[in-house]
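Q:
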Amino acid sequence: METSLPILSLSAAALAGAAAAFPKIQARIALSRAKHRSLTGHSKMSKMVARMVPHYEFDIDDFFRSDGAPKDVAMQRQDGFFRLAGLYGDRYPKGRALTAEVTERISDLQFTETYRVPFQYSRLVREHLGTSAFVEASSGVTVTDVDGNVFYDLTGSYGVNIFGNDFYKECIAEGEKRAHALGPVLGPYHPVIADNVKRLCELSGLDEVSFHMSGTEAVMQAVRLARYHTKRKRLVRFAGAYHGWWGDVQPGVGNPVSPHETFTLADMSEKTLHVLRTRSDIACVLVNPLQALHPNSNAPGDSALVDSSRSSKYDRAAYTEWLKKLREVCTERGIVLIFDEVFVGFRLAAGGAQEYFGVKADMATYGKSLAGGLPVGVVCGRKDLMRRFRDDRPADICFARGTFNSHPYVMTAMDEFLSRLASPNFRSIYNGLDETWNGRAKALNDRLATQGLPVRVGNISSIWTVYYTEPSRYNWMLQYYLRAEGLALSWVGTGRLIFTLNYTDADFAEVSDRFVAAAEKMKRDGWWWHKAGLTNKNIKRQILKEMVAVRFGR
1036 METSLPILSL
1046 SAAALAGAAA
1056 AFPKIQARIA
1066 LSRAKHRSLT
1076 GHSKMSKMVA
1086 RMVPHYEFDI
1096 DDFFRSDGAP
1106 KDVAMQRQDG
1116 FFRLAGLYGD
1126 RYPKGRALTA
1136 EVTERISDLQ
1146 FTETYRVPFQ
1156 YSRLVREHLG
1166 TSAFVEASSG
1176 VTVTDVDGNV
1186 FYDLTGSYGV
1196 NIFGNDFYKE
1206 CIAEGEKRAH
1216 ALGPVLGPYH
1226 PVIADNVKRL
1236 CELSGLDEVS
1246 FHMSGTEAVM
1256 QAVRLARYHT
1266 KRKRLVRFAG
1276 AYHGWWGDVQ
1286 PGVGNPVSPH
1296 ETFTLADMSE
1306 KTLHVLRTRS
1316 DIACVLVNPL
1326 QALHPNSNAP
1336 GDSALVDSSR
1346 SSKYDRAAYT
1356 EWLKKLREVC
1366 TERGIVLIFD
1376 EVFVGFRLAA
1386 GGAQEYFGVK
1396 ADMATYGKSL
1406 AGGLPVGVVC
1416 GRKDLMRRFR
1426 DDRPADICFA
1436 RGTFNSHPYV
1446 MTAMDEFLSR
1456 LASPNFRSIY
1466 NGLDETWNGR
1476 AKALNDRLAT
1486 QGLPVRVGNI
1496 SSIWTVYYTE
1506 PSRYNWMLQY
1516 YLRAEGLALS
1526 WVGTGRLIFT
1536 LNYTDADFAE
1546 VSDRFVAAAE
1556 KMKRDGWWWH
1566 KAGLTNKNIK
1576 RQILKEMVAV
1586 RFGR
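Going by my numbering, the first residue of the sequence shown is number 1036, and it counts up by one from there.
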């Protein structure tokens, strides 16, 4: 009997310890279940996998038959490739030479030139299909490069350009005139700021405004304020969403250091809502409304286009319902809901994504489209969340500052932008906007289907992505045929096409003709040949075999 007492005491202690640990284990399991099952939802695993991927590249023979194509198809492709190379050499001599000259000294260009296509093909593409990084003029919906070539602009300046280059040039020119008397005097405000903050509060439906130097900085400040006021540290972002390149919102590949306070959870998931309902350490949830176009997937780019599994799943009603559920949970749990509208702000509706989806955020961030194209970031938020100090704790502050936060030229250009946006005549540009762009996407898809071309487009209003209906390792080649037809693309290629809202039906018809022509030539040159029964899974298995062979020297 005497010996059983210590045993009972130890057992009771063990049970008590297990009971105390059980809620933490449950929370950990719930968090794991709320992550998206792809690498996009597992940042640590994605970084580990990225470190394991070996470098290898195809020689000129394997380049054209990496999918097992017969010799005649490989020769078709090779002839088409070098035909394009000759056209590029003739058409872009000055631009290519200038790009080659500065690439050695501009690290950004070294990155973008290398990652336009899957790395196995990159060297040969850079040698023969080098593009020009330089344009020197814009007009209407076109840009002109240094060789005098005119392109229809599908880059949208990475989301900045909503209303057309001429619109922004006017904003900048008129803003410069108004700021000229003050010049680059920093610190005190230009009087025009009073108008800007009034309009921003009206558009966002929020109480206060702070200015920053970029969209990335605006998101940083919104998150910092949320943490300050909730006294919580955790940030929730959704798998695949982009919120700038700073550490806390880029926990996977691309960030050398893994943040410890960020949860990357699945978009449009009840399991995610469960995590938000049951944890008490979450300060804020970041939403990038652009993810409605491809939930839980990274921003699409041709450098990762190794097969045809890219898709577009935009469902406005479903995404609206998700945001409403998210709003309800955040309100219930005292979590700050932040809409990151740096990319989509004022493109979908005059009141941004909040108006478009009918969901009110606690804070919203905006970017360069707001300042007539000049660099800026803006945070709009509820009054209680924007305060950077505590009345009863004078040393307890939430610091943020920047030399160029309210540059006079930026502020006057912003006022020009906001003044135009406030005009009823201008505001009419949003009337029937979705119907217009959905109709254009459908018309192009119908043409592509009729022509038997394995290409389709998906869209959220004027933001488009290209996806493919048949398995292929060579879909990334389409970007070079599109450029040859006079369509200007950003470095991500067919991953994202961004139309400005001043595209007329005639302009779009011309783009459609060129898009179809490019796809027809690509098909003619054999790039979409594939073996019977080929699937995207087969392609991925083949790539895995190649990597294993390189890794282990087989």
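We put the CB at the ideal spot given by N, CA and C, even for glycine. Remember, predicted model here, so these are calculated numbers, not experimental data.
In the region 1238-1285, which residue ranges form an unbroken alpha helix (DSSP H) of at least 4 residues, counting only runs that do not cross its ends?
A: Those alpha helix (DSSP H) runs which fall completely within the region 1238-1285 and span 4+ residues are 1250-1265.
Q: State the CB to CB distance for the pair Gly1412 and Glu1252, rounded to an integer number of angstroms; the pair is presumed to be in contact (CB under 8 angstroms).
A: 5 angstroms
Q: According to DSSP, which residues form a beta bridge with Trp1564?
A: The partner list for Trp1564 (beta bridge, DSSP) is empty, contrary to what the question assumes.
Q: If you follow the alpha helix (DSSP H) that Trp1357 is in, where does it begin and where does it stop?
A: Arg1351 to Arg1368
Q: Between the C-alpha atoms of Asp1337 and His1077, what's the straight-line distance to the nearest angstrom?
A: 22 angstroms
Q: Compute the Euclidean distance between the alpha carbons of Ala1301 and Gly1528, then round it to the nearest angstrom.
A: 26 angstroms
Q: Determine which residues share a DSSP beta bridge with Val1185 and list them.
A: Thr1179
Q: Can you tell me which of the three DSSP states Arg1126 falls into?
A: helix
Q: For a test of the three-state rule: what should DSSP assign to Trp1499, helix, strand or coil?
A: Under the three-state reduction of DSSP, Trp1499 is assigned to strand.
Q: Are the Cβ atoms of Asn1571 and Ser1332 separated by less than 7 angstroms?
A: The answer is no: Cβ separation not under 7 angstroms.
Q: Is the CB-CB distance between Ser1547 and Leu1479 below 7 angstroms?
A: Result yes, Cβ atoms of Ser1547 and Leu1479 sit closer than 7 angstroms.
Q: Roughly how many angstroms lie between the CA atoms of Met1582 and Gln1155, to the nearest whole one?
A: 10 angstroms
Q: Residue ranges of each alpha helix (DSSP H) run of no fewer than 4 residues wholly in the region 1400-1488, ordered along the chain?
A: Whole alpha helix (DSSP H) segments, 4+ residues: 1418-1421, 1443-1457, 1459-1462 and 1468-1485.
Q: Give the straight-line distance between the Cα atoms of Lys1059 and Gly1369, rounded to the nearest whole angstrom.
A: 21 angstroms
Q: Out of curiosity, what's the CA-to-CA distance linking Asp1107 and Phe1099?
A: 11 angstroms
Q: Using DSSP with H/G/I as helix, E/B as strand and the rest coil, what is Thr1190?
A: coil
Q: Name the residue from Glu1296, Ser1304, Ser1496 and Leu1325 whose alpha carbon lies nearest to the alpha carbon of Cys1319.
A: Glu1296
Q: Determine the DSSP secondary structure at Arg1508, reduced to helix, strand or coil.
A: coil
Q: What's the gap between the Cα of Gly1393 and the Cα of Ser1315?
A: 27 angstroms
Q: If you draw a straight line from the C-alpha of Ala1261 to the C-alpha of Trp1357, how long is it?
A: Each residue's Cα considered, the two are about 22 angstroms apart.
Q: As a quick exercise: from Ser1167, Met1398 and Ala1544, pick the residue whose alpha carbon is nearest that of Ala1476.
A: Ala1544
Q: Smallest Cα separation from Val1379: which of Asp1397, Ile1432, Asn1323 and Pro1226?
A: When only C-alpha atoms are compared, the closest one is Asn1323.
Q: By Cβ distance below 6 angstroms, which residues in the same chain neighbour Ala1435 in space, the five residues on each side in sequence not counted?
A: Gln1256
Q: Straight-line CA distance for Ile1464 to Cys1365?
A: 33 angstroms
Q: Report the rounded CA-to-CA distance for Ile1533 versus Trp1511, giving the unit in angstroms.
A: 18 angstroms
Q: Where does Asn1563 land, buried or exposed, given buried means 16+ other C-beta within 10 angstroms?
A: This sequence places Trp at residue 1563; Asn is not what is there. Burial check for Trp1563: the Cβ neighbour count within 10 Å reaches 16 or more, so the residue is buried.
Q: Helix, strand or coil: which one does DSSP assign to Thr1134?
A: When DSSP states are grouped into helix, strand and coil, Thr1134 belongs to the helix group.
Q: Ordered along the chain, which non-local residues of its own chain (more than five positions away) have a Cβ less than 6 angstroms from that of Asp1431?
A: Arg1425
Q: Could you tell me whether the Cβ atoms of Ala1172 and Thr1179 are closer together than 7 angstroms?
A: yes
Q: Leaving out five residues on either side along the sequence, give the residues of the same chain with a beta carbon under 7 angstroms from the beta carbon of Asp1102.
A: Taking C-beta separations shorter than 7 angstroms and ignoring five residues to either side along the sequence, the partners of Asp1102 in its chain run Arg1508 and His1565, following chain order.
Q: Given that a residue counts as buried once 16 or more other Cβ atoms are within 10 Å of its Cβ, and exposed if not, what is Tyr1123?
A: buried
Q: Closest to Val1445 by CA distance: which of Asp1427, Ala1208 and Asp1375 is it?
A: Ala1208
Q: Going by DSSP in three states, Asp1375 sits in which element: helix, strand or coil?
A: strand
Q: Over what stretch of residues does the beta strand (DSSP E) that includes Val1320 continue unbroken?
A: Ile1317 to Val1322
Q: Kindly identify the DSSP beta-bridge partner or partners of Arg1491.
A: Tyr1502
Q: Which residue marks the beginning of the alpha helix (DSSP H) containing Leu1579, and which one marks its end?
A: Asn1571 to Arg1586
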